[in-house]
Amino acid sequence: MANTEIISNLLTRQDTWRGRSRRLPRRTIYTGHQSLDLLLQGGWPVAALTELLPQQLGIGELSLLLPVIKKHGSQLCLWLDPPYQPYAPALSAAGIALDKLLVVRSKNPREWLWAAEQSIRSGALLLAWARPQAPSYADLRKLQLAAADSSSAAFLFSPVKALGAPSPVALRLELESSEVNQMLLTVRKMRGVASGAQLQLSLGESCTQRTNLAQLPADRHHGYINNPVLRLKS
Amino acid sequence: MAKHNNLAHDIWLYLHFPLLPLETLLPQLPREQPPKPIAIIDQQKNTQRVLCCNNQASAWGIEPNLSISTALALCPELVVAPRQIELEQQRLQQLALLCYRFSPVLTVHSNCGLWLEISGCYKLFKGYNSLLQELHNRLQEQMVTAVNGIGSNPLAAQLVCQAEFQIQLPSTRQMEQRLFSTALSKLNTNARQQQSFKQLGLQTLGDLLALPRSALSRRFGRELILYIAQLNNDKPCNAPRFQPANSFRDLIQNPQGIFNKESLLFPMKTLLQNLCHYLMARQCHCREIEWQFEPLIGEPAQMRIQLSSSQNNWSSLLTLSRLQLERLELPRSIEQIILFSDQFVEAPQGMGNLDLFGDNSCQQQSSELIDSLNARLGMEALSQPVLNQDYLPEQASTLVTPGKQINTALDNRLKAPQPVWLLSEPAPVQIRNQQLYWHQPLSILSGPERLCGNWWQSEQQRDYYLACDSRGARYWLFRETSSQRWFVHGLFS
Numbered sequence: 001m002a003n004t005e006i007i008s009n010l011l012t013r014q015d016t017w018r019g020r021s022r023r024l025p026r027r028t029i030y031t032g033h034q035s036l037d038l039l040l041q042g043g044w045p046v047a048a049l050t051e052l053l054p055q056q057l058g059i060g061e062l063s064l065l066l067p068v069i070k071k072h073g074s075q076l077c078l079w080l081d082p083p084y085q086p087y088a089p090a091l092s093a094a095g096i097a098l099d100k101l102l103v104v105r106s107k108n109p110r111e112w113l114w115a116a117e118q119s120i121r122s123g124a125l126l127l128a129w130a131r132p133q134a135p136s137y138a139d140l141r142k143l144q145l146a147a148a149d150s151s152s153a154a155f156l157f158s159p160v161k162a163l164g165a166p167s168p169v170a171l172r173l174e175l176e177s178s179e180v181n182q183m184l185l186t187v188r189k190m191r192g193v194a195s196g197a198q199l200q201l202s203l204g205e206s207c208t209q210r211t212n213l214a215q216l217p218a219d220r221h222h223g224y225i226n227n228p229v230l231r232l233k234s
Numbered sequence: 001m002a003k004h005n006n007l008a009h010d011i012w013l014y015l016h017f018p019l020l021p022l023e024t025l026l027p028q029l030p031r032e033q034p035p036k037p038i039a040i041i042d043q044q045k046n047t048q049r050v051l052c053c054n055n056q057a058s059a060w061g062i063e064p065n066l067s068i069s070t071a072l073a074l075c076p077e078l079v080v081a082p083r084q085i086e087l088e089q090q091r092l093q094q095l096a097l098l099c100y101r102f103s104p105v106l107t108v109h110s111n112c113g114l115w116l117e118i119s120g121c122y123k124l125f126k127g128y129n130s131l132l133q134e135l136h137n138r139l140q141e142q143m144v145t146a147v148n149g150i151g152s153n154p155l156a157a158q159l160v161c162q163a164e165f166q167i168q169l170p171s172t173r174q175m176e177q178r179l180f181s182t183a184l185s186k187l188n189t190n191a192r193q194q195q196s197f198k199q200l201g202l203q204t205l206g207d208l209l210a211l212p213r214s215a216l217s218r219r220f221g222r223e224l225i226l227y228i229a230q231l232n233n234d235k236p237c238n239a240p241r242f243q244p245a246n247s248f249r250d251l252i253q254n255p256q257g258i259f260n261k262e263s264l265l266f267p268m269k270t271l272l273q274n275l276c277h278y279l280m281a282r283q284c285h286c287r288e289i290e291w292q293f294e295p296l297i298g299e300p301a302q303m304r305i306q307l308s309s310s311q312n313n314w315s316s317l318l319t320l321s322r323l324q325l326e327r328l329e330l331p332r333s334i335e336q337i338i339l340f341s342d343q344f345v346e347a348p349q350g351m352g353n354l355d356l357f358g359d360n361s362c363q364q365q366s367s368e369l370i371d372s373l374n375a376r377l378g379m380e381a382l383s384q385p386v387l388n389q390d391y392l393p394e395q396a397s398t399l400v401t402p403g404k405q406i407n408t409a410l411d412n413r414l415k416a417p418q419p420v421w422l423l424s425e426p427a428p429v430q431i432r433n434q435q436l437y438w439h440q441p442l443s444i445l446s447g448p449e450r451l452c453g454n455w456w457q458s459e460q461q462r463d464y465y466l467a468c469d470s471r472g473a474r475y476w477l478f479r480e481t482s483s484q485r486w487f488v489h490g491l492f493s
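Right, dumping it as structure tokens:
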């Protein structure tokens, strides 16, 4: 009697692997892009650290996460050491509650790690940007373990040169872009999937038209301002 | 008439702390094993007399009212300390705050005592006996010796005060018997009246009360009649009720000095527990606490801890204080720790902790996170983006400290896409070979969108363009119309 109880308890545990089904049910958040959901087998992993490695800043790496931030709702979203100042009108236009956004600046790697871990443990959505001196394997492992205990997602942006070093994170995605609004995602590490899978994602209309400097409209209004006679009058 | 009936049902508890002058000073005296005999002395009419003493001293035959020379003759190794009335009163206020949790009808007696009316708290504590037991336990935790007396009015309770703490509520008849058998010498009257009691052959209060009132009035004056009327519940006692103070300030002294941060935590915990009692009594939450660490000589160190939420349990306050303490530079040795708070908000209606559906937990977790980040990283490390009613991008979006945000609904004035990142300062762009260049060549995709602002001081007129580089990153550029110079102002990400 007692034995069957123990076994049924064991079987209901989430981390017990049973031979019949191929993989554990994973908890995920929809990314907002169908093809990306398919690639990631459901979406961004919850209770795990995700590392995003953009080739350079400005290729749309943050837009990729805006749907997640928007969906996060009433919980705090913490931005740790963002490279630039977040621009409120754009975020507000994307439907993000600004009062749930918290920008944190750390002064040294110890503070960075502490703030990241605190944020993960308190259930906030974490977006962290790696400091110039890249976090060590042990630090990342600490964050990954903290994330595994919590119930929220955590994202880390690292420079692409970090690909050379191993990382304990659950999901590693390299992001590059050859054209405006087109992003190429390469899976560098993912549980249960061989690395190297690629996805071309369109984030908006592609635009091929380029304007030359010489073709820009001439500035007429400017002439009036510099006109000394008119200036005196006003 | 109805009021008098009510009075008859009142149950008053008089708490007396006979060793309070000693127990107030105990933490400051050096602790020794085995404990030394200690006596507290007080100046009474040109002679210094023993006010109270500990058990070790009593074993030597020392008792209250002995003069100091007699006491020292009895026990040469007696440790003698003068009474410190100010500290004693402070301690009494703390105890009053503790007892305020048991009954709101509370009066402080300056002579180391408290009156509590407990008939209103019968239901809350499920019976008087459990109330008395609970009160006894709390007072023992505070390391004070307490004795009590129970009567139907404050004066009677004081008169029947026993030599020990009684946990059982006496019956009405027992109360009456105790009162009537009280010796008249305990009565708070002058020597002349005591003399006349003796001459009349009156021994106990019962003897006195048996006499007709008119005769008493003639013999002993109106004052005694009023006193007796109050004892008989014929007239109510109008003593001022205890009210918790408007600000909280508490301190712990340690004359030996504290030399490291770890050993600060224990006194800090005690102070925070006191603060929590105070907050509970006043039914409010605090927004800020202030610590002060004072050395004997030199400048004290201070730290303020901002609290964004309603964390009124001492353990989270201690955690926050500890985080901030790590950053604080302390004097080498600390003699005195002061905790102060005067910024309170009323506690939200209803019991926040008992929220059944956990709607609050999210909010609470967020503010706990903000508080701990604040304490560890400092106020300046945290910010929140906020929208402003302004046309220039650097003024339309600013960073403010968390919690100060005002939500403004703005119409989206710009039709063109806007970047997520804003450079803190617009970065100048070079022009090389008829092409814009910032780290790499940029080409313009769309634009312009004209923004004007600041017309009242130095007019700013900018044409904003969307540009990209060869690798697909998008930038937000502008050309200043007055100088025709180009700047990068943001990144689309």
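From first to last, the protein sequence lines stand for chains A and B.
FYI, in the numbering used here the residues of the first sequence are 1 to 234.
FYI, in the numbering used here the residues of the second sequence are 1 to 493.
Even for Gly, the Cβ is constructed at its ideal location relative to N, Cα and C.
This structure is a prediction, so every number in the text was calculated from the model and none was measured.
List the endpoints of the continuous alpha helix (DSSP H) containing residue i.
i	result
Met175/B	Thr172 to Phe180
Gln434/B	Where Gln434/B is concerned, there is no enclosing alpha helix (DSSP H), given that its DSSP letter is neither H nor E.
Ser178/A	Per DSSP, Ser178/A belongs to no alpha helix (DSSP H); it is in the beta strand (DSSP E), Leu171 to Glu179.
Asn3/A	Ala2 to Thr12
Arg191/A	That residue, Arg191/A, is in no alpha helix (DSSP H); it is neither H nor E in DSSP.
Under a three-way DSSP split, which group does residue i fall into?
i	result
Cys161/B	coil
His16/B	strand
Leu491/B	strand
Arg322/B	helix
Gln395/B	helix
Phe478/B	strand
Trp60/B	coil
Leu560/B	Residue 560/B is absent from the structure shown; chain B starts at 1 and stops at 493.
Gly472/B	coil
Thr510/B	Nothing about residue 510/B can be reported from this structure: the residues present for chain B run from 1 to 493 only.
Ser158/A	coil
Considering only residues of the same chain and omitting the five flanking positions on each side of residue i, which have a CB-CB separation below 6 Å?
i	result
Gly204/A	Asn181
Ile96/A	Ile69 and Lys70
Ala128/A	Leu80, Ala116 and Leu156
Tyr465/B	Ile444, Gly447, Pro448 and Leu477
Pro402/B	Ile370, Leu382 and Gln384
Arg178/B	Val160
Asp342/B	Ser247
Answer yes or no: do residue i and residue j have a C-beta to C-beta separation smaller than 8 Å?
i	j	result
Cys286/B	Phe344/B	yes
Pro267/B	Ile337/B	yes
Ile334/B	Phe293/B	yes
Pro67/A	Gly32/A	yes
Leu78/A	Val46/A	no
Glu346/B	Cys276/B	no
Arg101/B	Met280/B	yes
Kindly indicate the opening and closing residues of the beta strand (DSSP E) around residue i.
i	result
Phe344/B	Ile334 to Glu346
Cys284/B	Cys284 to Glu294
Cys52/B	Thr47 to Cys53
Gly149/B	Val147 to Gly151
Ala153/A	Segment: none, Ala153/A is in no beta strand (DSSP E) and carries neither H nor E.
Leu201/A	Gln198 to Ser202
Asn254/B	Phe248 to Ile258
Val68/A	Premise fails: Val68/A lies in the alpha helix (DSSP H), Leu66 to His72, not in any beta strand (DSSP E).
Thinking residue i and residue j are a contact (beta carbons under 8 Å), I'd like their distance in whole angstroms, please.
i	j	result
Val420/B	Phe492/B	7 Å
His16/B	Ser119/B	Not quite, the Cβ-Cβ distance comes to about 20 Å (not below 8 Å), so this is no contact.
Val193/A	Pro54/A	Actually they are not in contact, since the Cβ atoms of Val193/A and Pro54/A sit about 21 Å apart, beyond 8 Å.
Ile29/A	Met183/A	With a Cβ gap of about 19 Å, Ile29/A and Met183/A do not count as contacting.
Phe165/B	Asn148/B	6 Å
Leu272/B	Trp314/B	4 Å
So does residue i have its beta carbon nearer than 7 Å to some heavy atom of the ligand GTP?
i	result
Pro331/B	No copy of the ligand GTP occurs in the structure displayed, which carries no ligand at all.
Using C-beta distances below 8 Å, list every residue in its chain close to residue i, excluding the 5 sequence neighbours before and after it, in chain order.
i	result
Glu5/A	none
Ala229/B	Lys235
Pro170/B	Ile150 and Arg178
Ser483/B	none
Go through its chain and collect everything with a Cβ distance to residue i's Cβ below 7 Å, but skip five positions before and after it.
i	result
Leu51/B	Pro21, Ile40, Ile41, Asp42, Pro64 and Arg83
Ser181/B	Thr204 and Gly206
Leu76/A	Lys100, Leu102 and Ala124
Ser150/A	Ala47, Ile120, Arg121 and Gly123
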